[in-house]
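Beneath this line is the structure, given in structure tokens, with notes to follow.
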Amino acid sequence: MALAASLRAMQASFGLSDDALASRAGLSVDRLRALLADGPASSVELYHLADTFGLEPGDLLKAARTRGVGARFLRGDADLDAQDLPEADRRLLNRAQQAGRIGLQLWRLLRRGEPGYLRHVRPVGPPQGHAGEAGYVLGGETREAFGHAPIVALQALIEGLGVHVARVTLTAPDVLGVSVVAADGLPVILLNERTVRVREPLKRRVVLAHELCHLLHDGSVERPWHVLISPAGLRDPVEARANAFAPAFLAPARGLDPQASPDAIFQDLTTRWGLPPGCAAHYLHNLRGLDDAAIDRLAATPASGAAFEPAPAALALASDDQEVTPLVDGLIARLALDAAAAHEISAGRLAEILELG
Amino acid sequence: MTPWIVDTGVLAILARHLHRSPAAWDHPTAAVAPIHVTEWVAFEARGKPAPGAPPSPESDGLLRRTELCTIHPIMVPSAAWDVVDRLTPHGSLNRGEAELIALAATTLPDGCFVTLDKKASYTALVELGPGRVASPFDFFHALIQVHGLHAEAWPALCRAVQGYAIPARFTPPGL
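So the sequence lines, in the order shown, correspond to chains D and W. Each residue of the first sequence is one higher than the one before, counting from 150 in my numbering. Each residue of the second sequence is one higher than the one before, counting from 13 in my numbering.
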């Protein structure tokens, strides 16, 4: 009963016909219809059906009872109908939630205590007044807890707080990043490799800092699980605040020389603080006031700061043949390897986690 | 006669040996198939082939021999599924290991779970109790002693259990 009802709900939610669902799950249409008519399923059939939606079997069984397993999707500060997202992206977001749950389970198995990001969570509600100014203030305040030195490896810092960062390919070309937050999992930041801003290390730092703002300040602990989608160019107060948060977090104004010329500050922002030229030019404009010509001239400066965001150390895999999917590559894969080395999970479970995608 | 509930790693060692030396087990002596797996474990052992794609021939060759292997579905809902659901999805075992322990706990109460993995062995010991978990050496030894696997297979199978020395009770093997 539970499976049939859940299947029908998820099938409708993803807009899949019987033929399409059967094909994706590797079942005959007759077999699918028998399951939709409350026929008993084998675990293998259940695994394949759940996988079609990016769910765990248990979650699929509960889907009808809990009126769907979908998150609250937010684009900026507005609710987004999940059905407006491409099917492949919704599946990936469900998988990301699952990866976050696995991450927290591993974190606990390794007795790492409370994930560090929780110490910094401070929901502030929608911006009051000028969103950009609110973002600068919030970025500076948040940065206080992270010392005064430039952050060379932001991704490593974020992962150290217990936030998984995955570079994946989303179907939606206008989405830069997504923050997936579940009460029973580690937060997961998905960065869309389809976009130039994610592929270039300096620009990726800004997207990461933007997502960090969402995670820490946009109501992340108040909802059972939700997804914050950050599209490029959205005019929305929450997005504008996160946009301003990013440079203020990466290069807090208190670290800049107030007596220096704009060109010298720009040089400092791009070389010592690791801002990309375009971001540094606009940040400087808001700090000191620049005319459009100066912004354009500075923004066109070739990027420097190659030392920022160094590639993480290679995973210590037992075999060169071991697949690691982009979704779990990073913190979760390292937690899984540590847990396997400590015999907290089986080798088979390790392989299952590294293949999650 | 003990039903052996066999994890993928051990199954792969045996399948690889039989693929290379088909004559090593040409005359099984028991009336009942000694090896038991679940459908999911069989799917994993076959390399999780996509629909219509060919399975891994080594494991498929062994799993197709119904006189040697029985493949059990785990139905949803069932008592076995309840055990699986408790041991997964965010636990320490993978689906296959959880299903095999569930099979032993609910369907084959005299079955013995065999795995290469320490964590899975320990969890099975906790879930099933003493006498229900065995090493690959015990499994291979029983296949030779009871089920007609040729004794010549013993050294190769033992060598394939990587990282293990042959336990003292089997040396000299006397096979």
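Cβ atoms here follow ideal geometry from the backbone N, Cα and C, with glycine treated the same way. Predicted, not measured: the structure shown is a model, and the values here were computed from it.
Quiz item: What does a CB cutoff of less than 7 Å around A248/D pick up in its chain, not counting 5 residues either side in sequence?
Solution: Excluding residues up to 5 positions away in sequence, H313, V337, L476, V477, I481 and L505 lie with their Cβ nearer than 7 Å to the Cβ of A248/D in the same chain.
Practice problem: Answer yes or no: do F394/D and G284/D have a C-beta to C-beta separation smaller than 8 Å? | Solution: Contact check for F394/D against G284/D passes: the beta carbons are separated by less than 8 Å.
Self-check item: Cutoff 6 Å; reference L364/D; Cβ partners in own chain excluding five residues on either side
Solution: Excluding residues within five positions, the ones whose Cβ falls inside 6 Å are S328 and P336.
Self-check item: Cut-off 8 Å between Cβ atoms - residues of its own chain near G164/D, not counting five sequence neighbours on either side
Solution: Only Q232 and E236 meet the Cβ criterion.
Quiz item: Would you call L267/D buried or exposed, if buried means 16 or more other Cβ atoms sit within 10 Å of its Cβ?
Solution: Classification of L267/D: exposed, given that the 10 Å Cβ count is below 16.
Quiz item: Is any beta-carbon of chain W found at less than 8 Å from that of E472/D?
Solution: E472/D does not count as touching chain W.
Quiz item: Can you tell me the Cα-Cα spacing of F457/D and A400/D, whole angstroms?
Solution: If you take the alpha carbons of F457/D and A400/D, they lie about 13 Å apart.
Practice problem: Return yes when at least one heavy atom of the ligand MG lies under 7 Å from the C-beta of R28/W, else no. | Solution: By its list of ligands, the structure shown contains no ligand whatsoever, and the ligand MG lies outside what it can speak to.
Practice problem: Report yes or no: is there a C-beta of chain D within less than 8 Å of the C-beta of S104/W? | Solution: At least one chain D Cβ lies under 8 Å of S104/W.
Quiz item: Using DSSP with H/G/I as helix, E/B as strand and the rest coil, what is T135/W?
Solution: Note: T135/W maps to helix in three-state DSSP.
Quiz prompt | Contained alpha helix (DSSP H) runs [length at least 4] in the region 53-114 of chain W, N- to C-terminal order | solution = Complete alpha helix (DSSP H) runs here, min 4: 69-75 and 91-99.
Practice problem: Determine the burial state of V44/W: buried for a count of at least 16 other Cβ atoms within 10 Å of its Cβ, exposed for fewer. | Solution: Exposed, because fewer than 16 other Cβ atoms sit within 10 Å of the Cβ of V44/W.
Quiz prompt | Counterpart residues of L140/W in DSSP-defined beta bridges | solution = DSSP, once it has assigned bridges, lists no residue as partnering L140/W.
Quiz item: Using a Cβ-Cβ cut-off of 8 Å (strictly less than) and excluding sequence neighbours within five positions of V178/D, which residues of its own chain qualify?
Solution: Contacts found: D167, D168 and A171.
Quiz item: Is the shortest distance between the beta-carbon of E360/D and the beta-carbons of chain W less than 8 Å?
Solution: Chain W contact via Cβ: absent.
Quiz item: Which word fits K131/W, buried or exposed, when buried means at least 16 other C-beta atoms lie within 10 angstroms of its C-beta?
Solution: Around the CB of K131/W, 16 or more other CB atoms lie within 10 Å, so the residue is classed as buried.
Quiz item: Based on the DSSP output, what are the partners of N435/D in its beta bridges?
Solution: N435/D pairs with nothing; no bridge assigned.
Practice problem: Starting from V111/D, follow the alpha helix (DSSP H) in both directions and report where the run begins and ends. | Solution: Absent from the model: residue 111/D. The displayed extent of chain D is 150 to 506, so no value can be given.
Exercise. Please decide whether Q254/D counts as near chain W, where near means a Cβ-Cβ distance under 8 Å.
Key: For Q254/D, a Cβ of chain W is located within less than 8 Å of the residue's own Cβ.
Quiz item: Which word fits Q160/D, buried or exposed, when buried means at least 16 other C-beta atoms lie within 10 angstroms of its C-beta?
Solution: Residue environment: Q160/D is assigned as buried (16 or more neighbouring CB atoms within 10 Å of its CB, all protein chains considered).
Practice problem: Take every Cβ of the region 50-64 of chain W, pair it with every Cβ of the region 101-119 of chain W, and state whether three or more of those distances are shorter than 8 Å. | Solution: The region 50-64 of chain W makes contact with the region 101-119 of chain W: 3 or more CB pairs, one atom from each, lie closer than 8 Å.
Quiz item: The beta strand (DSSP E) spanning R316/D covers which residue range?
Solution: Counting along the chain, the beta strand (DSSP E) containing R316/D begins and ends at H313 to V317.
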